[in-house]
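Chemist: Residue numbers (full-length UniProt numbering): 1 to 246.
Mind looking over this structure? Questions follow.
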Ligand code: ADP
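Encoded structure:
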């Protein structure tokens, strides 16, 4: 479903991604792990063009973008490409002046131009799916961090993206709220949603990932099943990283 080839990203003189090659199969959950500053978030943001890669190609379903020429990507292409993805941010990024329901409906009504009643019905279904139907009319400030993040997931799903991208979705949460968000994500993984998750939650990666990708200093050091990475890695850098977490 997604094929990334020789992806580079430079900020000024600093090359943050140094030639990433990665394939993501439909229905798979791919967890991206690695030390802070290694380029994980940048890679994820390149996948929905919040960052424009300096070089390389990204194929997503029937869309393909080539960044070799360093020319800006035409805006309509960016929009079409981005609509294939749904992003869940570390800091939820909900509209504070809208209820949970309105946050989930927003994209359906104003981007997809769908009928308001149909959008409301769909948004309510999604809030139910993430266990929040009773909080539909609450504002973000009236919700816990875990609940806000679950609204964030429902909002991303409302647009029916081909792939959901998660940028450290639980790292802003108090520890006791992490589980409820991971539970929703595990359910989505089981249902066959394609997901790319930048995470520090190694237990989640162990349990839910089809593939774990270890990135360090802008390159993929190693990728494999959770078992290969967490139990049988032969790479010194992976071992060092995992040992530091224990
Ligand atoms: P990670 O997610 O692995 O912690 P990031 O992708 O956030 O790493 O960052 C990788 C490197 O790129 C860091 O050194 C960071 O400071 C740098 N970086 C990220 N975004 C920008 C930006 N917009 N401008 C300049 N440097 C950036």
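Backbone N, C-alpha and C fix where the C-beta goes; we use that ideal spot for every residue, glycine too.
#1: First and last residue of the alpha helix (DSSP H) that includes residue 122?
#2: Beta carbon of residue 166, beta carbon of residue 33: below 9 Å?
#3: Decide if residue 134 is buried, meaning its Cβ has at least 16 other Cβ atoms within 10 Å, or exposed.
#4: DSSP has residue 7 in a bridge; who is on the other side?
#5: Since residue 237 contacts residue 216 with CB under 8 Å, what's their CB separation in whole angstroms?
#6: Apart from the five residues on each side of it in sequence, which residues of its chain come closer than 7 Å, Cβ to Cβ, to residue 247?
#7: For the ligand ADP, is there a heavy atom less than 8 Å away from the beta-carbon of residue 197?
#8: Please find out if some non-hydrogen atom of the ligand ADP comes closer than 8 Å to the beta-carbon of residue 214.
#9: Compare the C-alpha of residue 75 against each of 48, 68, 212 and 173 and name the closest.
#10: Drop a sphere of 10 angstroms on the beta-carbon of residue 40, count the other beta-carbons inside from all chains shown, and report buried for 16 or more, exposed for fewer.
Modeler: Looking at the coordinates:
#1: Mapped onto the chain shown, residue 122 falls at position 122. Element bounds for residue 122: 116-129.
#2: Position 166 of the chain shown holds residue 166. Position 33 of the chain shown holds residue 33. Contact annotation: residue 166 and residue 33 have beta-carbon atoms that are not nearer than 9 Å.
#3: Here the question's residue 134 lines up with position 134 in the chain shown. Exposed, since its Cβ has fewer than 16 Cβ neighbours within 10 Å.
#4: Walking along the chain shown from the start, residue 7 turns up at place 7. Residue 7 is bridged to 20.
#5: As a first step, residue 237 is located in the chain shown; it is residue number 237 there, counting from the start. As a first step, residue 216 is located in the chain shown; it is residue number 216 there, counting from the start. Contact flag correct, Cβ pair sits at about 5 Å.
#6: The requested residue 247 is not part of the displayed model; the chain covers only 1 to 246.
#7: In the chain shown, residue 197 corresponds to position 197, counting from 1. Not one heavy atom of the ligand ADP is found less than 8 Å from the C-beta of residue 197.
#8: Taking the first residue of the chain shown as position 1, residue 214 is located at position 214. Outside the cutoff, so no.
#9: Here residue 75 refers to the residue found at position 75 of the chain shown. Cα-wise, what sits closest to residue 75 is 48.
#10: The count along the chain shown starts at 1 and reaches residue 40 at position 40. Buried, since its Cβ has 16 or more Cβ neighbours within 10 Å.
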